[in-house]
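Residue numbers (mature numbering (1 follows the signal peptide of the UniProt record, and there is no 0)): -19 to -1, 1 to 537. Built from N, CA and C at the ideal position, the CB exists for glycine as well. Here's the structure we're looking at; comments come further down.
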C-alpha cells in the first residue's frame, strides 16, 4: 500500500511543473507580481499539507531499484518536494541505505539522463504502478462444454445434399469436367470442379439472388440446408435463444465476380456500377446476410486464411460454444472463383492441371503423373451445437467435435516448409488440445491437393506423427471434386463426419502410380473401404503457410 501511495505522489509530482523553463510559464499564468520565491514557497507549503493529509508514508516502501529514478524526478520537481516523513521512512527502512540526511543514493548510470531530459524541457514517459492493488479472482471450475455435429449442408460438383454427395464419393464418381460458365478456349486450363446445376429457389429471395455473388449464394443455401438437415423446424427456430446462435462461415476469395463486374461497369461509368458491389464482395457479408435472414444475434464474422479458411471457422465456432458464448453455430466455408479472373490468376501461378482431354483423371493426389491441382467451387457448412442443448431438443447427433489447432509455417507464401515443421506442429497441438492419443486416430481426410510439394510434405508429416499405424487410412476428397479453396475444409469436414456416420471411407481415385516414398498401403485404394472410425483428423493448409487440423469422433 505504501508503494502505491508513493507512486501516486510521484504521479502528482510528474504532473506538476517539471523544469525551470516550464516553471516560468506557470508563474506567468498565475498573474502575480509577487517574487518567484514567495510563490514557490507558498505553493510548496500548500502541497506539503495536502500530501501529509492524503498520503501518509508507512515504514514499508517500494523496492530499492526504483529510487534512483524517483530521486531524479524529485530533484527536478519545483512544486512538489518530498516531505520529511518520506526521508525518515527511507532512512529507517531495511530496503534502503541512505546518505547522512536520509537522501537516496543515486547511481551514475544512464538513468541520470532522465534528470537531464527533464531539465531540457523534453517530455519523458514514466511507467508507474496502479494506485490500487487488484487481487485476481479465480474462476470457479466448470466442466468443459462438449460440442457435437447435428447438421450438414453442402453445395458441390457431386451434389447438393450431404447424403447424395457422400454416396457419389463412395462410388468414386468424379465431379471434374469442362468449364461451361464462360468461354475459356484461350486458357491452357479448361477444366474444373464446376457446379452445373444450382438453384436458389426456396432458399434466397429472387431479388438478392440476382445481385449476390455466387459464393454468398452457395453459403446461404448450404447454411439453411444444414439447419433443415439438423431438424431445425420453424417451431424449434421460434424457441431458440437467438442471442446464443451464431454464424461463422468464411471465404478465401470473396465476391470476385461481383467486384470484377463492377470494374467492367466502371470502364463505362461509375453510374453503371452495382451499388452493392462493395458489401457483396467482402468475405464477411455472407455470414452477415445469413444471420439477418435467421435473426441470429450471436457471434458473427468470417475468417479468411486462404485454403485453410473452413477449418479456422469451424474450430473458432466450436470455441465460442465451449466458452459458453453460444449454444449453436453454423460454420464452414464457401468459394466461387471459377470465373475468368480466378482461373487466369491460378494459371499465371502455373499451379493448375492442363489435362483437358481427360478431366476426370486430372486430380491425382500422391500420384507421380499429376500435373497440378484442379479448381473447384461450392460450400460446406456444419451445424455445431452444445451437447446438452442438442439432447434437450432431441437432435440427431452425427459426431462429436473434439478440437483442433492452427499453426503457421512462417516460411514461404505458397510452398510448404521443407521439413513439414508447421504441419507436424499443428497435428501434434491438435492431438494435445483434444486429449487424443495418436494411436486412436485411424482415419485422416488429407489436404492433398494434387501438387508434388504439398502432397509429399503432408504425407511425410503424417508418417512422422502417426508412424506405421496399420489401422490408419488416408484419403483425399479433392481427387473427385478438385480444390474448393476456402470451402475445401467445410466440404471435407462433411465427408469426414459422413465417414464416421456410415462406417465407410471413400476411395482415392486416379492413384495409379504412387510417388516414390509413399506407402500405398497407408492410402485408401480405388474402392471404398469399410472402417469403424475411432477418431478422424481433417487437415487444411493455405497460401501464407496457414495450417489447420480438426478432430471428430463418434458420439458416445
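The beta strand (DSSP E) with residue 512 in it runs from where to where?
-> To locate residue 512, count along the chain shown from 1; it is residue 531. Element bounds for residue 512: n/a, residue is neither H nor E.
Helix, strand or coil for residue 461 per DSSP?
-> Mapped onto the chain shown, residue 461 falls at position 480. Correct three-state label for residue 461: helix.
My understanding is that residue 382 touches residue 130, with C-beta atoms under 8 angstroms, so please give their C-beta distance in whole angstroms.
-> Start at 1 with the first residue of the chain shown, and residue 382 comes out as number 401. Start at 1 with the first residue of the chain shown, and residue 130 comes out as number 149. Going by Cβ atoms, the distance from residue 382 to residue 130 rounds to 6 angstroms, so yes, they are a contact pair.
For residue 554, which of 404, 300, 328, 392 has the nearest alpha-carbon?
-> Limits of the chain in this structure are -19 at one end and 537 at the other, which puts residue 554 out of reach.
Whole angstroms is fine: what's the gap from residue 391's alpha carbon to residue 301's?
-> As a working mapping, residue 391 is identified with position 410 in the chain shown. As a working mapping, residue 301 is identified with position 320 in the chain shown. Roughly 27 angstroms between the two C-alpha positions.
Can you tell me which of the three DSSP states residue 216 falls into?
-> In the chain shown, residue 216 corresponds to position 235, counting from 1. Three-state DSSP puts residue 216 in a helix.
Decide yes or no for the touch test of the stretch 283 to 290 against the stretch 458 to 476: beta carbon pairs closer than 8 angstroms, at least 3 of them.
-> yes
Residue from 162, 167, 166 whose Cα sits closest to the Cα of residue 179 | As a first step, residue 179 is located in the chain shown; it is residue number 198 there, counting from the start. Closest option to residue 179, Cα to Cα, is 162.
Out of 176, 505, 275, point me to the one whose CA is closest to residue 598's CA.
-> One cannot answer for residue 598 here, as it falls past the ends of the chain, which runs -19 to 537.
Residue 174 and residue 362: beta carbons closer than 8 angstroms?
-> Taking the first residue of the chain shown as position 1, residue 174 is located at position 193. Taking the first residue of the chain shown as position 1, residue 362 is located at position 381. It is not a contact, given that the beta carbons lie outside the stated cut-off.
Taking the continuous alpha helix (DSSP H) assigned at residue 370, which residues delimit it?
-> Walking along the chain shown from the start, residue 370 turns up at place 389. Unbroken alpha helix (DSSP H) run through residue 370: 368 to 373.
In the DSSP assignment, find the beta strand (DSSP E) that holds residue 425 and state where it starts and stops.
-> By 1-based counting over the chain shown, the position of residue 425 is 444. That run of the beta strand (DSSP E) goes 422 to 426.
In terms of residue numbering, what span does the beta strand (DSSP E) encompassing residue 387 cover?
-> As a working mapping, residue 387 is identified with position 406 in the chain shown. That run of the beta strand (DSSP E) goes 380 to 389.
Flag this pair as touching only if the stretch 397 to 412 and the stretch 362 to 377 have three or more C-beta atom pairs under 8 angstroms; answer yes or no.
-> no
Do you know how far the Cα of residue 321 is from the Cα of residue 253?
-> If you number the chain shown from 1, residue 253 lands on position 272. If you number the chain shown from 1, residue 321 lands on position 340. Rounded to whole angstroms, residue 253 to residue 321 spans 21 angstroms at the Cα level.
Could you tell me which residues DSSP puts in a beta bridge with residue 129?
-> In the chain shown, counting from the first residue as 1, residue 129 sits at position 148. Note: residue 129 sits in a beta bridge opposite 366, 381.
Rounded straight-line distance, which links the Cα of residue 210 to that of residue 345 | Reading the chain shown from its first residue, position 364 is the one you call residue 345. Reading the chain shown from its first residue, position 229 is the one you call residue 210. Residue 345 and residue 210: Cα-Cα distance of roughly 32 angstroms.
Could you say which of 449, 219, 332, 482 lies nearest to residue 132 if we only look at CA atoms?
-> In the chain shown, counting from the first residue as 1, residue 132 sits at position 151. Considering only alpha carbons, the answer is 482.
Would you kindly check if the distance between the Cβ of residue 428 and the Cβ of residue 520 is under 8 angstroms?
-> Residue 520 sits at position 539 when you count from the first residue of the chain shown. Residue 428 sits at position 447 when you count from the first residue of the chain shown. Yes, they are a contact pair.
Whole angstroms is fine: what's the gap from residue 270's alpha carbon to residue 447's?
-> One-based indexing of the chain shown puts residue 270 at position 289. One-based indexing of the chain shown puts residue 447 at position 466. The alpha-carbon atoms of residue 270 and residue 447 are separated by roughly 42 angstroms.
Assigned exposure category for residue 251 - 16 Cβ within 10 Å defines buried = Position 270 of the chain shown, counted from the start, is the residue given in the question as residue 251. Its Cβ having fewer than 16 others within 10 Å, residue 251 is exposed.
Return the first residue and the last residue of the alpha helix (DSSP H) that residue 244 is part of.
-> Here residue 244 corresponds to residue number 263 of the chain shown, with the count starting at 1. Residue 244 -> alpha helix (DSSP H) spans 237 to 247.
Is it true that the stretch 229 to 241 meets the stretch 257 to 277, where meeting means three or more beta-carbon pairs spaced less than 8 angstroms apart?
-> yes
In three-state terms, what does DSSP make of residue 148?
-> Taking the chain shown and counting its residues from 1, the one referred to as residue 148 is at position 167. The answer is helix: DSSP assigns residue 148 an H, G or I state.
Check residue 351 in the structure and name its three-state DSSP category.
-> Within the chain shown, the letter at position 370 stands for residue 351. Looking at residue 351 - three-state DSSP - the assignment turns out to be coil, as it is neither helix nor strand.
Output the distance between the C-alpha atoms of residue 533 and residue 247, rounded to the nearest integer angstrom.
-> The count along the chain shown starts at 1 and reaches residue 533 at position 552. The count along the chain shown starts at 1 and reaches residue 247 at position 266. Looking at the two C-alpha atoms, the distance is approximately 47 angstroms.
When the Cα atoms are used, what is the spatial distance from residue 380 to residue 444?
-> Taking the first residue of the chain shown as 1, we reach residue 380 at position 399. Taking the first residue of the chain shown as 1, we reach residue 444 at position 463. Roughly 26 angstroms between the two C-alpha positions.
Cβ pair count under 8 angstroms reaching 3, the stretch 492 to 500 against the stretch 404 to 413 = no
Give the DSSP bridge partners of residue 286, in chain order.
-> Numbered from its first residue, the chain shown carries residue 286 at position 305. According to DSSP, which records beta bridges pairwise, residue 286 is partnered with 288.
What is the rounded straight-line gap between the Cα of residue 151 and the Cα of residue 145?
-> Position 170 of the chain shown, counted from the first residue, corresponds to residue 151. Position 164 of the chain shown, counted from the first residue, corresponds to residue 145. Distance between the alpha carbons of residue 151 and residue 145 is about 10 angstroms.
Touching by the beta-carbon criterion (3+ pairs, under 8 angstroms), the stretch 453 to 461 and the stretch 412 to 432 = yes
Counting along the chain, where does the alpha helix (DSSP H) carrying residue 447 start and finish?
-> Residue 447 sits at position 466 when you count from the first residue of the chain shown. 433 to 447 is the extent of the alpha helix (DSSP H) around residue 447.
Which ranges does the beta strand (DSSP E) cover as unbroken runs of at least 3 residues, wholly within the stretch 283 to 343, from first to last along the chain?
-> 309 to 316
Start and end of the beta strand (DSSP E) containing residue 528?
-> As a working note, residue 528 is residue 547 in the chain shown. Residues 527 to 534.
Would you mind reading off the limits of the beta strand (DSSP E) that contains residue 226?
-> Counting from 1 along the chain shown, the entry for residue 226 is found at position 245. Looking at the DSSP string, the run of the beta strand (DSSP E) that includes residue 226 is 226 to 231.
Please report the Cβ distance between residue 202 and residue 136, rounded to the nearest whole angstrom; I am assuming they are in contact, meaning their Cβ atoms lie under 8 angstroms.
-> Residue numbering aside, residue 202 sits at position 221 when the chain shown is read from its first letter. Residue numbering aside, residue 136 sits at position 155 when the chain shown is read from its first letter. Confirmed, Cβ separation roughly 6 angstroms.
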